[in-house]
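Residue numbering for the sequence shown follows the numbering used here, beginning at 1 and increasing consecutively.
Here a beta-carbon is modelled for each residue, glycine too, at the ideal position from N, C-alpha and C.
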Amino acid sequence: MDLNENDSEGFYQLIRKQRDSGNTCASAFTKCIFKDEIVNTDPEIREAWDDYFYDQATPSENPNFDPIFKDNVEKDVQNLHKYFSEENQQNIEHSPDELNISAEHLKYGGSLLISVLAYIINFLFKHVHIIKSGIVCPVFKNGGKPKDDPNSYRKITITSSVGKVVEKIHLSRNEDKILVKQSNLQKGFIKGESPCIAALIITELIIEAKKKKSSLYIALMDERKAFDILWHLGLLREMHKTGLEGNNWLFFENWYTELTSKVKWKGEFSHQIIEQQGERQGSIWSPSAHKLFVNSLLTRKSNWSHHWFNILWYTNYVIKLTTEDIKNLSIYFRKILRQIQHLPDRTANVASHLLLGRITIESEIHKRILKTFGNIIRNENSIERKLAIRQLATKSLQWFTKTVEIANIYDLPSPYDTIDNPPRKQLWKNLVNKTVGDHCIKQMINEAQSKSTLA
C-alpha cells in the first residue's frame, strides 16, 4: 500500500469506494469461505469477518519464536513502565500538558473550535476507550485475488477524528527523533522518498554482479500481514530505543492498550474485538510505527554487509528497458490512444499521438528517469546519491550513465554537472517537461509532414 500518514484523501477514497452501494466487489461478496465453511447471509458474513479479524488481532504461540528474546522484550517493557511511572509520580506537579494544543494545529477552526476541542479531549482522556475504538472496513486488494477469500482483503480502520488530532500532535513532537534514528535504507512512508529508489539500488547491484560474474544472493521477505500481526511489546521496546521516554513513552504504551474495533458490514456492526496485536492501517501513527518496528532489522542487515543493497521493489523507470520492451509498450500505448479516439487500427502512429497532443511512451519514460535523477541528487547524504557519484565516476554502463545519454538527446544539462549543483525540484520538473515535450512534438510534426496522407 502506497499511502502515507499525510495522504488522508487517498485513505478516504478507499473507504468511500468500499462503502459505495455500486461497489461490484461488495455486492459480489455474497458468500465467504471461512475456516473451510461457506457462509452466505449478511449476518453470517459479518460475524465471519469479525472472527477473521479477531484471529489477526490475537497473538498465537509460535514454536519457532525465540523464547529468550521474547522474555527479554517483555521484561524490558515492564521495567520501562515501572521506571517512567515512578518518575511521573515524583514530578507530577511539574509535568507539562502532553497535548500542548496550539493555534498551528487548528488554525482554520478559530478560537471557538480550539476551546471546544480542548474540552472534548480533556473529557476523552477520562474515558479513553472512546477514542481507542475503531471501525474496521475490509477493502479488496484487487490483483486477480478471489473475492470470497478474506485473505484478499486489507484491514482498514477508521479511527476517531479527535483521536487523530491527539495522534498528530504526539507524532509531531517525536518526528525529529524518528528521522535521526531511522535507517537510510528505509524508502517507504517517508516524505521525499520513493520505494522505486530501492529498486534502482538493487538493480544496479544485479547488473554489476552479472558484469563481474560474481556470486550474488538476494533474500526477499514478504510483509503481507506485517501490519495486521505487529507485536505490541516489540513495538514499545523499539519506541524506547528511538528516544521516547517518560510521559512520552507512557502515552504511547497507553494508546496501544485495550484498543478495540468493530467490523462494519452492510451497514451493521459486529461485536467488539480487542486488538492485542497489529498496527492500524488508517491511524496517524501507523506508518511511522511500522517503519520503526522494522528499523532494527534494516540497521542490522546493513551492518552485516558493506553493500547498500537490501530491498527489492520493481518499477519501469529505474531499470534499463530493452528496445523490445519499448516497442511492446509503444504498441500497447498507441492501441489505447486509438480506442479513446475511436480511430481505425490503420491510423498512422503519429496521428494517434498528435490528435491528443500526447508524447510517445519512450519520451514519457525519459521524463520520469530525468525527474528521478533530480530527486536523487537533491537528497544529500543519501545512499542513492553516493551511488550516483560512484557510477558516474566509473562510467558504468548502467542506469546513471543512461541518464547522461537521455540528457544529451534533449540538450539538457549533463548529470555530470547537475550532480554537484542540483537544480530546485520545481525548476527541474518544469524544464524537463517542456524540453522533452517540445522535442517529441516537433519530431512527430516533422514525421507527419513527411507523410502524404497527413501533410
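CA nearest to the CA of residue i, picked from the options
i      : options                        : result
Asp55  : Glu384, Lys371, Glu275         : Glu275
Glu447 : Lys241, Gln277, Thr30, Ala351  : Ala351
Tyr410 : Glu364, Asn379, Tyr256, Ser160 : Glu364
Asp42  : Phe269, Leu343, Glu324, Ile445 : Phe269
Gln182 : Arg368, Ser382, Glu279, Tyr416 : Ser382
Val180 : Phe123, Ile229, Asn151, Leu244 : Leu244
Asp51  : Lys386, Lys147, His271         : His271
Lys262 : Ala57, Gln339, Phe293, Arg385  : Ala57
Asp228 : Pro287, Ala198, Ile389, Lys187 : Pro287
Asp417 : Trp49, Phe373, Gln449          : Phe373
Ile369 : Asp420, Trp428, Pro67, Glu380  : Trp428
Pro422 : Trp399, Arg385, His439         : Arg385
Asp176 : Ile377, Thr242, Lys371         : Thr242
Asn174 : Val432, Asp420, Leu292         : Leu292
Glu47  : Asn142, Asn62, Pro150          : Pro150
Lys132 : Phe333, Leu329, Ile273         : Ile273
Thr323 : Arg334, Glu362, His127         : Glu362
Phe125 : Lys434, Phe251, Lys141         : Phe251
Residues near residue i by beta carbon distance below 6 Å, same chain, minus five either side
i      : result
Leu236 : Val77, Glu253
Asn64  : none
Leu216 : Ala209
Lys266 : Asp42
Lys187 : Glu193, Pro195, Ile197, Ala198
Thr315 : Bear in mind that the predicted position of Thr315 carries a pLDDT of just 38, short of 50, making it unreliable; the figure below should be weighed with that in mind. The answer, listed in chain order, is Cys196, Ala199.
His105 : In this prediction, His105 scores a pLDDT of 46, lower than 50, which makes its location untrustworthy; no coordinate-derived value is stated.
Asn456 : This structure does not reach residue 456, given that the chain is present from 1 up to 455, and the question cannot be answered.
Close Cβ partners of residue i (< 8 Å) along its chain, the five nearest in sequence each way excluded
i      : result
His129 : Glu258, Thr260
Ile441 : Leu354, Gly357, Ile359
Lys451 : Ala348, Val350
Ser414 : Val404, Ala407, Asn408
Tyr256 : His232, Leu235, Leu236
Asp148 : Phe29, Lys31, Cys32, Ile33
Thr401 : Gln391, Leu392, Lys395
Ile445 : Leu354
Ile340 : Leu356
Ile331 : none
Leu431 : Leu412, Pro423
Residue(s) in a DSSP beta bridge with residue i
i      : result
Lys191 : Answer is none; Lys191 lacks a bridge partner.
Pro413 : Partner(s): none; Pro413 has no beta bridge.
Phe69  : Its beta-bridge partners do not exist; DSSP assigns none.
Val139 : Arg154
Ser133 : Thr260
Residue i - containing alpha helix (DSSP H), residue span
i      : result
Gly163 : 161–172
Ile178 : 175–181
Glu44  : 42–57
Ala448 : 425–449
Where the beta strand (DSSP E) through residue i begins and ends
i      : result
Lys155 : 153–158
Val39  : 37–39
Ile33  : 32–34
Other residues of its chain near residue i: CB distance less than 7 Å, five sequence neighbours each side excluded
i      : result
Ile284 : Glu5, Lys164, Glu167, Lys168, Leu171
Trp231 : Gln277
Gly437 : Ile359
Glu74  : Leu233
Ile377 : Arg385, Ala388, Thr418, Ile419, Pro422
Gly134 : Thr157, Ile158, Thr159, Ser261, Arg280
Counting only runs that start and end within the segment 226–303, where is the alpha helix (DSSP H) found for 4 or more residues in a row? You should have 232–242, 246–255, 286–293.
Run through the segment 324–410 for me and flag every whole alpha helix (DSSP H) of 4 or more residues, listed as ranges in chain order. Listed in chain order, they are 349–354, 361–378, 383–394, 399–409.
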